[in-house]
Structure formats: C-alpha cells, structure tokens
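J.: This is the structure I have questions about; it appears just below.
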Amino acid sequence: MYLVSYTSWFLDAFNYAILKKIDVLNLSIGGPDFMDHPFVDKVWELTANKVIMVSAIGNDGPLYGTLNNPADQMDVIKRWEGLTLRTISPRFSSQA
Numbered sequence: 001m002y003l004v005s006y007t008s009w010f011l012d013a014f015n016y017a018i019l020k021k022i023d024v025l026n027l028s029i030g031g032p033d034f035m036d037h038p039f040v041d042k043v044w045e046l047t048a049n050k051v052i053m054v055s056a057i058g059n060d061g062p063l064y065g066t067l068n069n070p071a072d073q074m075d076v077i078k079r080w081e082g083l084t085l086r087t088i089s090p091r092f093s094s095q096a
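Going by UniProt numbering, the residue at position 74 of the sequence shown is 74; the numbering climbs one at a time, nothing skipped.
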C-alpha cells in the first residue's frame, strides 16, 4: 500500500489556517516539487496573511536543489531533522 497526498488537501488546509487566523503552522512534510505552483503560491499567501510556517527542510545532499519544498522558500522557517546543538552539521548542510 502506498501513502499518497494531493495538493488540493494542502490548499484546503492552508485556506482553513488563513480563515481561522492561525499563528504558526508546522508542516512536517517536504519534497523536491518546487514546481507545484498552486502549492508554492498558497505558501506565499499564508505568510502574507501573517501565518508563520515552519517546515522540515530535508537535506538530501550537497547538490543544488536538494533542499525540500516548502522549506526552501525564503518566507518559511526551516527545521533540520536530526540536528541539535550538539550535532555537527554535515559539510553540505544549508544550516546558517
């Protein structure tokens, strides 16, 4: 059995967050699909409506484009899985 999700589910949830004036939305998903324009545009709409979005960024390697969306967007707070203050970041980490 494969688990699937659809962009429309996220768009509906994001619209609900805007309607309810949610302060912070933590999104623990991520993927390489930065070309999903409805999703990307809705993330911009969320942050324009003062919703703080936090998202797992992944970090699949040292190559351009390996950070996962939506955390690769400039208006999203990035969360690195498995990294703590005591963990040494890999040399290819995007951690600032």
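For every residue, glycine included, the Cβ atom is placed at its ideal position computed from N, Cα and C.
Look at the alpha carbon of Ser-5 and the alpha carbon of Leu-19, and state the distance between them as a whole number of angstroms.
T.: Within the sequence shown, numbered from 1, the residue matching residue 5 stands at position 5. Within the sequence shown, numbered from 1, the residue matching residue 19 stands at position 19. Rounded to the nearest angstrom, the two C-alpha atoms are 22 Å apart.
J.: Can you tell me whether DSSP reads Lys-78 as helix, strand or coil?
T.: As a first step, residue 78 must be located in the sequence shown, where it is residue number 78. Strand.
J.: When you compare the CB positions of Ala-17 and Val-51, do they come within less than 8 Å of one another, or not?
T.: Your numbering for residue 17 matches position 17 in the sequence shown. Your numbering for residue 51 matches position 51 in the sequence shown. Yes, they are a contact pair.
J.: Express the C-alpha separation of Ser-55 and Asp-41 in angstroms, rounding to a whole number.
T.: Reading the sequence shown from its first residue, position 41 is the one you call residue 41. Reading the sequence shown from its first residue, position 55 is the one you call residue 55. Roughly 16 Å between the two C-alpha positions.
J.: From which residue to which residue does the alpha helix (DSSP H) around Ile-18 run?
T.: Mapped onto the sequence shown, residue 18 falls at position 18. First-last of the alpha helix (DSSP H) with Ile-18: 7 to 19.
J.: Can you tell which of Asp-36, Pro-38, Phe-10 has its C-alpha closest to the C-alpha of Asn-26?
T.: Reading the sequence shown from its first residue, position 26 is the one you call residue 26. Minimum Cα distance to Asn-26 is reached at Phe-10.
J.: How far does the alpha helix (DSSP H) with Asn-46 in it reach, from first residue to last?
T.: Within the sequence shown, numbered from 1, the residue matching residue 46 stands at position 46. The amino acid occupying residue 46 in the given sequence is Leu; Asn does not appear at that position. Its alpha helix (DSSP H) spans residues 37 to 48.
J.: Mapping the DSSP letters down to three states, classify Leu-67 as helix, strand or coil.
T.: Position 67 of the sequence shown, counted from the first residue, corresponds to residue 67. The answer is strand: DSSP assigns Leu-67 an E or B state.
J.: Could you tell me the distance, in whole angstroms, from the CA atom of Asp-36 to the CA atom of Asn-15?
T.: As a working mapping, residue 36 is identified with position 36 in the sequence shown. As a working mapping, residue 15 is identified with position 15 in the sequence shown. So the alpha carbons of these two residues sit roughly 17 Å apart.
J.: What is the C-beta distance between Tyr-77 and Met-53, in whole angstroms, given that I count them as a contact (C-beta under 8 Å)?
T.: Numbered from its first residue, the sequence shown carries residue 77 at position 77. Numbered from its first residue, the sequence shown carries residue 53 at position 53. The question names Tyr, but residue 77 is Ile in the sequence shown. Right, their Cβ atoms sit about 7 Å apart.
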